[in-house]
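Peer 1:
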Amino acid sequence: MMNRKDGFMAELSPLQQALLTIEKLQKKLATASNGEREPIAIIGMACRFPGGATSPAKFRELLWGAGEALTEIPSDRRALQGLYDPDPSRPGKLSMRRAGFVDEVDRFDAEFFHISRREAEGMDPQQRFFLEVSWEALEDAGIPPHQLQGTRTGVFAGVHAKDYAFITGGGLEKVSAHYSTGVDASYVPGRLSYLLGLEGPSMAVDTACSSSLSAVHLACQSLRTEESTLAIAGGVKLILAPQLSVFLSKAGALSPSGHCRTFDRDADGMVQGEGCGVVVLKRLRDAVRDGDRILATLRGTGMNHDGASGGLTVPNVGAQEALYRRVLQRAGIEPGQVDYLEAHGTGTRLGDPIELDGVSRVYGASRTPERPLWIGSVKPNIGHTEAAAGIAGLIKAVLVLQAGEAPPSINFEHPTPEFTWEGSGLAVPRARTPLAEKDGPHRVAVSSFGMSGVNAHALVEAYAEAAHAAVDAGPFVLPLSARSEPALRTLAVSWLRYVSEAGAGARLQDACFTAGAGRSHHAHRAVLVARTPEALRTALHAVAEGRDAPGVARGSSGGEPVFLFGDTEPEANRLMRELLGRDVFRVHAEKVDAVLRQVAGWSVIEQVAGGR
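For the sequence shown, UniProt numbering assigns the number 1 to the initial residue and increments by one for each residue that follows.
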């Protein structure tokens, strides 16, 4: 039986049917095209970079303060000690004395993530870092991590270095049950997805130095195709073993002076760095619907490869230029609408002029000396963080948009003569430089190029949230929680610093709301009630010092686990054998068994193992 739709189509002439079909296809094409251009909101970000840049705010202090966070190799990096030689050709030696190091890479709160100490010891510190920074990024987004269980949240982690595998490798006798899950790159995103119960894609991305910006690109694609409803994207790099550093030294890539001089006449190579950065991404329409705080938007991202260039590791200016044009075209943005470009800029004599050439061809055209494209790089400040380099550049781009100005480019005194600056439309900011006033939002481009030839590029746009009246009259109700009493005191210290430093501009009611609705809540808790900011500071002082005070209610929940076995002996033995296969349970069971052995004269573990 023919339905009404089929009947209507049958009444049309073949030409009319063809025109109707074309119209439908055009609508589908327009929908797909709009999907490609759909802005992606950055709703949270977190980082750990050298120089004490343990948050985006501290990262901003480092950059705008013209800080150089490169130091001598710390004494606790034993694998890197005693290898320096000014002659990079000497076998087993490296010409690196300075790099950008992150503090306390050996510290990890395994209990917070419900990971046993034995398993944590086998985990690559890069895994640990990515877990911690991802948690902080979700908190920055106001999303309680536990609420994401069962959601299509994707995790995209740029990771390249395999240093921990070099350190823990050796004979087969050293391989434990935690070896693969500890050192394989796939477990960097996979463990986060597992711990939070995330059911979206979970990908380790290795495109060498462009890994993290490539991860952001893949995350945006996943969101635009609605494969993911939320995405956690970033990258991590730690210098734990000398192999990669020795390779870079032999390749002549490392700076003998230990200073990165991007775009400068005296540039003599890259300086390695460490770090981790993570952003939380959501489709803009969804972020607006959910009332999320929007830090900036990603208008376009893209990737390509250098193809058959002058060598496997030699950049290709044509490929870089093509990538810029494609990303701009997809975003519907003209090159002249971009105010600043965060370059790859590693400080090498080969790569920097090639990058400048490609940027000037696309972004420098039609610029005037009075309104140039400002261009800089974060690498002179923190070193080349390799797999985390792109995310460092992206976080810096957001900070530039929020500040409305570019930070000073350090170690830039004499422009490189390997590039023709005059007429290029490019300029490097030597001091804090305001972005030009204009109609419409400011925009920043970010580039990240991998040594294997994979290039990534992104366009970031400022986002102006709708103005709303700030309500900062008391009373204030601030809930705090942590996994332990010392951690609760530390949290109170952080809040005290925030309330004291934010001053009159603090949106305390918003902050208190986020502390309640945008955080996971743990066993050790305190609730502070105060009528004024001054009273809130007094209450925070009390919690930080472990004291009781008016307006402070404290408590804890939970206790030690107790195992209760049924009275059916085979079932009890089966459960005991299963639990004894878990490291955490067995360690404590053996301690109890040793005591019972002295009292009863027999072993519970032996009885269970024997099936009795």
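All residues carry an ideal CB built from backbone N, CA and C; glycine is no exception.
Going by beta carbon distance, what residues of the same chain come within less than 7 Å of tyrosine 187, once the five residues before and after it are set aside?
Peer 2: By 1-based counting over the sequence shown, the position of residue 187 is 187. Only Gln127, Thr181 meet the Cβ criterion.
Peer 1: Considering only the alpha carbon of each residue, which of Phe247, Ser377, Cys260, Arg283 lies closest to glutamate 226?
Peer 2: By one-based count along the sequence shown, residue 226 stands at place 226. When each option's Cα is compared against that of glutamate 226, the closest is Arg283.
Peer 1: Put alanine 535 into one of helix, strand or coil per three-state DSSP.
Peer 2: Here residue 535 corresponds to residue number 535 of the sequence shown, with the count starting at 1. Alanine 535: helix per DSSP, three-state reduction.
Peer 1: Between which two residues does the alpha helix (DSSP H) carrying serine 481 extend?
Peer 2: Within the sequence shown, the letter at position 481 stands for residue 481. Unbroken run through serine 481 is the beta strand (DSSP E), 476-482; no alpha helix (DSSP H).
Peer 1: Might you give, ordered along the chain, the residues of its own chain that have their beta carbon closer than 7 Å to the beta carbon of cysteine 512, omitting 5 neighbours on each side?
Peer 2: In the sequence shown, residue 512 corresponds to position 512, counting from 1. The residues are Phe476, Val477, Leu478.
Peer 1: Verify whether the separation of the beta carbon atoms of valine 246 and leucine 94 is less than 7 Å.
Peer 2: For this step, residue 246 is matched to residue 246 along the sequence shown. For this step, residue 94 is matched to residue 94 along the sequence shown. The answer is yes: Cβ separation under 7 Å.
Peer 1: Helix, strand or coil for tyrosine 84? Go by DSSP, reduced to three states.
Peer 2: On the sequence shown, residue 84 is found 84 positions in, with the first residue counted as 1. Tyrosine 84: strand per DSSP, three-state reduction.
Peer 1: Tell me, which residues are paired with cysteine 512 by DSSP?
Peer 2: The count along the sequence shown starts at 1 and reaches residue 512 at position 512. The partner list for cysteine 512 (beta bridge, DSSP) is empty, contrary to what the question assumes.
Peer 1: Roughly how many whole angstroms lie between the Cα atoms of proline 189 and serine 13?
Peer 2: For the purposes of this step, residue 189 is taken as residue 189 along the sequence shown, with counting starting at 1. For the purposes of this step, residue 13 is taken as residue 13 along the sequence shown, with counting starting at 1. So the alpha carbons of these two residues sit roughly 56 Å apart.
Peer 1: Rounded to whole angstroms, what's the CA-CA distance from methionine 270 to glycine 351? Just pull it up for me.
Peer 2: For the purposes of this step, residue 270 is identified with residue 270 of the sequence shown, where counting begins at 1. For the purposes of this step, residue 351 is identified with residue 351 of the sequence shown, where counting begins at 1. Methionine 270 and glycine 351: Cα-Cα distance of roughly 10 Å.
Peer 1: Looking at the unbroken beta strand (DSSP E) that takes in tryptophan 374, where does it start and where does it end?
Peer 2: Position 374 of the sequence shown, counted from the start, is the residue given in the question as residue 374. Segment 373-376, the beta strand (DSSP E) holding tryptophan 374.
Peer 1: Within its chain, find whatever has a CB closer than 7 Å to the CB of valine 552; leave out the 5 residues flanking it on each side and keep chain order.
Peer 2: Reading the sequence shown from its first residue, position 552 is the one you call residue 552. Closer than 7 Å at the Cβ level, and outside the excluded window around valine 552, lie Ala526, Leu528, Ala539, Ala542, Val543.
Peer 1: Would alanine 458 and valine 338 qualify as a contact pair, given that the criterion is a beta-carbon distance under 7 Å?
Peer 2: As a first step, residue 458 is located in the sequence shown; it is residue number 458 there, counting from the start. As a first step, residue 338 is located in the sequence shown; it is residue number 338 there, counting from the start. In this structure, valine 338 does not lie closer than 7 Å to alanine 458 by Cβ.
Peer 1: Find the nearest neighbour of methionine 576 within the set Asp548, Met303, Ile605, Gly601, judged by alpha-carbon distance.
Peer 2: For the purposes of this step, residue 576 is taken as the residue at position 576 of the sequence shown. Considering only alpha carbons, the answer is Ile605.
Peer 1: Could you give the DSSP three-state label for alanine 161: helix, strand or coil?
Peer 2: Looking up residue 161 in the sequence shown gives position 161. Residue state, collapsed to three classes: coil.
Peer 1: Using DSSP with H/G/I as helix, E/B as strand and the rest coil, what is tyrosine 340?
Peer 2: One-based indexing of the sequence shown puts residue 340 at position 340. Reduced to three states, the DSSP call for tyrosine 340 is strand.
Peer 1: Could you tell me the distance, in whole angstroms, from the CA atom of alanine 165 to the CA atom of proline 50?
Peer 2: Sequence index remark: in the sequence shown, residue 165 carries index 165 (1-based). Sequence index remark: in the sequence shown, residue 50 carries index 50 (1-based). Taking the straight line joining both Cα atoms gives about 23 Å.
Peer 1: Helix or strand or just coil, what does DSSP make of asparagine 411?
Peer 2: Here the question's residue 411 lines up with position 411 in the sequence shown. In this structure, asparagine 411 counts as coil in the three-state DSSP scheme.
Peer 1: Note down the Cα distance separating aspartate 292 from arginine 191, rounded to an integer number of angstroms.
Peer 2: Within the sequence shown, the letter at position 292 stands for residue 292. Within the sequence shown, the letter at position 191 stands for residue 191. Distance between the alpha carbons of aspartate 292 and arginine 191: 26 Å.
Peer 1: Please name the residue, chosen from Gly318, Leu295, Ala53, Lys591, that lies closest to glutamine 304 on a Cα-to-Cα basis.
Peer 2: What you label residue 304 is simply residue 304 of the sequence shown in a count that begins at 1. Reading off the sequence shown, one finds asparagine at residue 304, where the question assumed glutamine. Looking at the Cα atoms, Gly318 is the closest of the given residues.
Peer 1: May I ask which residues mark the beginning and end of the alpha helix (DSSP H) holding isoleucine 605?
Peer 2: Your numbering for residue 605 matches position 605 in the sequence shown. Element bounds for isoleucine 605: 604-609.
Peer 1: I'd like the span of the alpha helix (DSSP H) that includes phenylalanine 130, first residue to last.
Peer 2: Translated into the one-based positions of the sequence shown, residue 130 becomes position 130. Counting along the chain, the alpha helix (DSSP H) containing phenylalanine 130 begins and ends at 125-140.
Peer 1: Skipping 5 residues on each side, what residues in its chain have a beta carbon closer than 8 Å to that of leucine 254?
Peer 2: The residue given as residue 254 occupies position 254 in the sequence shown. Counting only Cβ-Cβ distances below 8 Å, and skipping sequence neighbours, we find Pro88, Leu94, Ser95, Met96, Ser245, Leu248, Gly269, Met270, Val271, Gln272.
Peer 1: Beta-carbon separation of serine 366 and alanine 343 under 7 Å?
Peer 2: Translated into positions along the sequence shown, residue 366 becomes position 366. Translated into positions along the sequence shown, residue 343 becomes position 343. No, these two residues do not count as a Cβ contact at 7 Å.
Peer 1: If you follow the alpha helix (DSSP H) that lysine 250 is in, where does it begin and where does it stop?
Peer 2: In the sequence shown, counting from the first residue as 1, residue 250 sits at position 250. Segment 243-250, the alpha helix (DSSP H) holding lysine 250.
Peer 1: If you drop the 5 nearest sequence neighbours on each side, which residues of the same chain put their C-beta closer than 8 Å to that of aspartate 593?
Peer 2: Along the sequence shown, read from residue 1 onward, the residue named residue 593 stands at position 593. The residues are Ser603, Val604, Ile605.
Peer 1: Please tell me whether threonine 433 and phenylalanine 263 are closer than 7 Å, where the distance is taken between their beta carbons.
Peer 2: The count along the sequence shown starts at 1 and reaches residue 433 at position 433. The count along the sequence shown starts at 1 and reaches residue 263 at position 263. In this structure, phenylalanine 263 does not lie closer than 7 Å to threonine 433 by Cβ.
Peer 1: By alpha-carbon positions, which one of Thr313, Arg443, Ser309, Ala436 ends up nearest to proline 369?
Peer 2: Working through the sequence shown from its first residue, we reach residue 369 at position 369. Measuring from the Cα of proline 369, the nearest candidate turns out to be Ala436.
Peer 1: Return the Cβ separation of alanine 331 and arginine 299 in integer angstroms, given the expectation that the two are a contact with Cβ distance under 8 Å.
Peer 2: Start at 1 with the first residue of the sequence shown, and residue 331 comes out as number 331. Start at 1 with the first residue of the sequence shown, and residue 299 comes out as number 299. So it is a contact: roughly 4 Å between Cβ atoms.
Peer 1: Just the Cα atoms here: how many angstroms apart are leucine 196 and leucine 148?
Peer 2: Taking the sequence shown and counting its residues from 1, the one referred to as residue 196 is at position 196. Taking the sequence shown and counting its residues from 1, the one referred to as residue 148 is at position 148. The alpha-carbon atoms of leucine 196 and leucine 148 are separated by roughly 7 Å.
Peer 1: Can you find the residues in the same chain that come closer than 8 Å, C-beta to C-beta, to arginine 224, ignoring five residues on each side of it along the sequence?
Peer 2: Position 224 of the sequence shown holds residue 224. Contacts found: Gly35, Glu36, Glu38, Ile40, Arg283.
Peer 1: Serine 33 to arginine 443, Cα distance in whole Å?
Peer 2: Numbered from its first residue, the sequence shown carries residue 33 at position 33. Numbered from its first residue, the sequence shown carries residue 443 at position 443. For serine 33, the predicted structure reports a pLDDT of 49, less than 50, and the residue's modelled location is therefore unreliable. A value from the coordinates is still provided. Cα to Cα, the separation comes out at about 21 Å.
Peer 1: Assuming residue 619 and valine 460 are in contact, meaning their beta carbons sit under 8 Å apart, how far apart are those beta carbons, in whole angstroms?
Peer 2: In the structure as shown, the chain starts at 1 and stops at 612, and residue 619 therefore has no counterpart that could be examined.
Peer 1: What does a CB cutoff of less than 6 Å around aspartate 583 pick up in its chain, not counting 5 residues either side in sequence?
Peer 2: Here residue 583 refers to the residue found at position 583 of the sequence shown. Ser116, Arg118, listed in sequence order.
Peer 1: Measure the Cβ-Cβ separation of alanine 462 and proline 441 and say whether it is below 7 Å.
Peer 2: Residue 462 sits at position 462 when you count from the first residue of the sequence shown. Residue 441 sits at position 441 when you count from the first residue of the sequence shown. It is a contact, given that the beta carbons lie within the stated cut-off.
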